[in-house]
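Residue numbers (the UniProt record's numbering), protein chains in the order written: chain A, 1 to 366; chain B, 1 to 366.
To start, the structure under review is shown below, and the notes come after it.
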């Protein structure tokens, strides 16, 4: 094997590569945070999060500050929300497939999961309607509307409207889990369900700075009805007093300095390039693969066919120093023959070689 | 009222004042963190915490790195530990009085609480022994061995030995909750129960950098048997993927640069001065008050006598712009006529005036 053959290529983790993280901007933001508000940055703070960042987020979303809480990453926000709304046997709608950690969090709370098929234009709303008409009364529907993880698809405008109407009619909360909203690299941005709901309180929105600043800051947030947010803040106080003031103040300074806007541009450009390179490489080396090229986000979902044993494929790929995540991880059942490829962490110039090796692994099994 | 009369004095919150936080040191540590390990600081990391800080802590405590996990503050560490060990009706030993948030966390998990009297030399071990002999089999005993919150007392050496022997005999875990260990300002440091246990696995140790760096970094940690730590890390992954890499890397750089050692000196000096000023002011303005001057930590526990209605006193003190915490908050029952005074956040020069006003409030009720 040549050196090029053994350089590992990971399509496994949904994380940015370091070259698209603005480390210098973060350093400047850290200095600005400590200089401008030393007491706020170094003190305990409260569970609502670092107040200036909370205000910045409220303004971004055009909501009252009481509707926002800033957390240690958006997964912590999910966990707090699930703690409030999901008890044993609580019916919950999830997308099929969906983010494996969401499934895990819901299963740990012994929620009664109802997976609804995900189409190329998002959730199969007709299937959801039929489920609701059959008498199931979910407390919550977990939806990743933009560049879904793992499927990469985006919920269409008509489906957004239908979903909101169903939430209103059947009285469930749409949990709009939207970390990828700002990393769209093609097409027009879609309105958020939160905004379309117009303050009716049927939507709780979560997002994160992991994709626009960096994951290591672990800063996410929730936007929702102020009563619910206040309950969650109470629970958060009892869990950790307050989230990370230092990191949240750094994110705040990063945002107000303009570094965030530049960083989003850098990330979008790189993701676009990487998604296109991945699609081109798949067409070249795995012409039989089925996939939709996403308009944003980190992930592309590939269907190789049910005849592929994904466990064997993972091993064959690993032997060729390529890492992928098998589709079955994102489903309660099924997903054989599917893979999630994260292109966020692989530089465009390494993608072709990674896919070439993946194709070699696939063909070794046939 | 003069201006001096209306400047608020808070003995309520266990937090440092800004003048004893090394903000310049934190800025330097932040730059060093981003410069020396940009990928580690900005990436997701894992639930064990920032690896170099985890290693630093393992070395500090002379344990294997697998025995350490670094968390978002030590309260989050407590919460994770309780999630593992305390189910509904699990018998748990707590000190009487003890930290109000610990009581809350245990009560939320519906643990069966057994409060044991706290003497001037710490837990009444004879009372614990009698409880154990009566057949109670706790899973865990929560102990704040040094400068206890709220009582300010320290567990004596003979009692440490007795407590460990009981844990060994009756098979419970001592949860050594020790955030104040390094802020002793008088007398000799006592050996940790963790160290005295000598790796038998009867002790889980928690501490924090809130008192030695600053609370806003929200960095705490657990040390315990590697099997238990590994279980907790798994649960932590499902809660938040990883704790705050940015803040933990800043703490790591702060520690290795020597800034931590200097900061501890600054903090000890200030706490010593403040504790002495508080004791002197109490003797002067409230000679009837009973208290023990602590040898470290943040808190002094004052007994004013059962005839005092602490709720009324809180109001009378607040009217004079003095904040305190009533003793009843730290007990399941009792605590009438007692207060917790935190001197950590009040500069020595303001303490006399604060106590003068508190005395005025006390006397207004008699």
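All C-beta atoms, glycine included, are put in the ideal place defined by N, C-alpha and C.
From the options, residue whose alpha carbon lies closest to that of residue i
i                      : options                    : result
residue 256 of chain B : B:17, B:10, B:36           : B:36
residue 312 of chain A : A:288, A:273, A:339        : A:339
residue 51 of chain B  : B:115, B:245, B:237, B:163 : B:245
residue 27 of chain B  : A:247, A:114, A:22         : A:247
residue 258 of chain B : B:212, B:278, B:282        : B:212
residue 107 of chain A : A:118, A:88, A:119, A:117  : A:88
residue 243 of chain A : A:286, A:219, A:342        : A:219
residue 14 of chain B  : B:346, B:308, B:164, B:8   : B:346
residue 92 of chain B  : B:116, B:304, B:260        : B:116
residue 133 of chain A : A:103, A:109, A:364, A:170 : A:170
residue 269 of chain B : B:19, B:232, B:303, B:131  : B:19
residue 22 of chain B  : B:321, B:264, B:71         : B:264
residue 214 of chain B : B:179, B:119, B:191, B:155 : B:179
residue 151 of chain B : B:192, B:71, B:121, B:319  : B:121
residue 174 of chain A : A:123, A:254, A:209        : A:123
residue 266 of chain B : B:16, B:33, B:252          : B:16
residue 25 of chain A  : B:31, B:25, B:24           : B:31
residue 149 of chain A : A:110, A:190, A:103        : A:103
residue 233 of chain B : B:365, B:81, B:110, B:250  : B:81
residue 229 of chain A : A:11, A:12, A:48           : A:48
residue 189 of chain B : B:249, B:53, B:154         : B:154
residue 191 of chain A : A:157, A:168, A:29, A:90   : A:157
residue 140 of chain B : B:166, B:317, B:126        : B:166
residue 343 of chain B : B:11, B:84, B:7            : B:11
residue 85 of chain B  : B:352, B:231, B:355, B:289 : B:231
residue 210 of chain A : A:366, A:316, A:71, A:352  : A:71
Beta-carbon neighbours of residue i, restricted to chain A and to distances below 8 angstroms
i                     : result
residue 42 of chain B : 18, 21, 23, 26, 214, 215, 216, 217
Within chain B, the residues that residue i reaches when beta carbons sit closer than 7 angstroms
i                      : result
residue 236 of chain A : What residue 236 of chain A touches in chain B: nothing, since even the nearest Cβ is about 10 angstroms away.
residue 368 of chain A : Given that chain A is displayed from residue 1 to residue 366, the structure contains no residue 368 of chain A and the question cannot be resolved.
residue 104 of chain A : 238
residue 96 of chain A  : In chain order: nothing, as chain B lies at least about 20 angstroms away.
residue 262 of chain A : What residue 262 of chain A touches in chain B: nothing, since even the nearest Cβ is about 16 angstroms away.
residue 146 of chain A : Per Cβ cutoff of 7 angstroms: no residues; residue 146 of chain A is ~20 angstroms from chain B at best.
Interface residues of chain B facing residue i [CB-CB closer than 8 angstroms]
i                      : result
residue 75 of chain A  : 239, 240, 241
residue 38 of chain A  : 18, 21, 23
residue 202 of chain A : Simply none; closest approach about 26 angstroms.
Proximal residues of chain A, C-beta to C-beta of residue i below 7 angstroms
i                      : result
residue 15 of chain B  : 43, 44
residue 250 of chain B : 246
residue 272 of chain B : Here the premise fails: no neighbours, minimum Cβ distance about 21 angstroms.
Cβ-Cβ separation, residue j to residue i (assumed contact under 8 angstroms), whole Å
i                      : j                      : result
residue 172 of chain B : residue 138 of chain B : 5 angstroms
residue 362 of chain A : residue 341 of chain A : Contact flag wrong, Cβ pair sits at about 13 angstroms.
residue 194 of chain A : residue 176 of chain A : 6 angstroms
residue 334 of chain A : residue 308 of chain A : With 8 angstroms as the limit, residue 334 of chain A and residue 308 of chain A do not qualify as a contact, their Cβ atoms being about 13 angstroms apart.
residue 286 of chain B : residue 359 of chain B : 5 angstroms
residue 321 of chain B : residue 283 of chain B : Contact flag wrong, Cβ pair sits at about 22 angstroms.
residue 94 of chain B  : residue 350 of chain B : Not confirmed; about 33 angstroms, so no contact.
residue 279 of chain A : residue 33 of chain A  : Not a contact, Cβ separation roughly 40 angstroms.
residue 253 of chain A : residue 58 of chain A  : With 8 angstroms as the limit, residue 253 of chain A and residue 58 of chain A do not qualify as a contact, their Cβ atoms being about 17 angstroms apart.
residue 105 of chain A : residue 90 of chain A  : At roughly 13 angstroms, the Cβ-Cβ gap does not stay under 8 angstroms, so residue 105 of chain A and residue 90 of chain A are not in contact.
Amino acids of chain B, ordered along the chain, whose beta-carbon sits closer than 9 angstroms to that of residue i
i                     : result
residue 34 of chain A : 23, 24, 26, 27, 30
residue 79 of chain A : 238, 239, 240
Contact list for residue i against chain A, beta-carbon separation under 9 angstroms
i                      : result
residue 101 of chain B : 237, 238, 241
residue 149 of chain B : Those do not exist, as residue 149 of chain B stays about 13 angstroms from chain A at its closest Cβ, beyond 9 angstroms.
Distance cut-off 6 angstroms: residue i Cβ against heavy atoms of the ligand ZN
i                      : result
residue 318 of chain B : Ligands displayed in this structure: none; no statement on the ligand ZN is therefore possible.
ask   = Is it true that the stretch 90 to 102 of chain B meets the stretch 327 to 336 of chain B, where meeting means three or more beta-carbon pairs spaced less than 8 angstroms apart?
value = Contact between the stretch 90 to 102 of chain B and the stretch 327 to 336 of chain B is established, with three or more Cβ pairs separated by less than 8 angstroms.
In chain order, each alpha helix (DSSP H) run of at least 4 residues that lies wholly inside the stretch 258 to 342 of chain A = Every alpha helix (DSSP H) of 4 residues or more that sits fully in the stretch 258 to 342 of chain A is shown, in chain order, as 259 to 285, 310 to 319.
message = Three or more C-beta pairs under 8 angstroms: does that hold for the stretch 292 to 302 of chain A against the stretch 177 to 190 of chain A?
response = As far as the Cβ criterion goes, the stretch 292 to 302 of chain A touches the stretch 177 to 190 of chain A, which means the pair count is three or higher.
message = Would you call the stretch 36 to 45 of chain A in contact with the stretch 201 to 208 of chain A, where contact means no fewer than 3 C-beta pairs closer than 8 angstroms?
response = Segments in contact, no.
ask   = So does the stretch 265 to 283 of chain A actually touch the stretch 59 to 77 of chain A, counting three or more Cβ pairs closer than 8 angstroms?
value = Counting Cβ pairs under 8 angstroms, fewer than three are found: no touch.
request  = Let me know the alpha helix (DSSP H) ranges lying completely inside the stretch 167 to 236 of chain B, each 4 residues or longer, listed in chain order.
outcome  = Listed in chain order, they are 193 to 197.
inquiry  = Using a Cβ distance threshold of 8 angstroms, determine whether the stretch 58 to 67 of chain B contacts the stretch 221 to 231 of chain B, with at least three qualifying pairs required.
reply    = Taking 8 angstroms as the limit for Cβ pairs, the verdict is that the stretch 221 to 231 of chain B does touch the stretch 58 to 67 of chain B.
request  = Let me know the beta strand (DSSP E) ranges lying completely inside the stretch 36 to 110 of chain A, each 3 residues or longer, listed in chain order.
outcome  = Secondary structure in the stretch 36 to 110 of chain A: the beta strand (DSSP E) runs of 3 residues or longer, each lying completely within the stretch, are 68 to 72, 91 to 96 in chain order.
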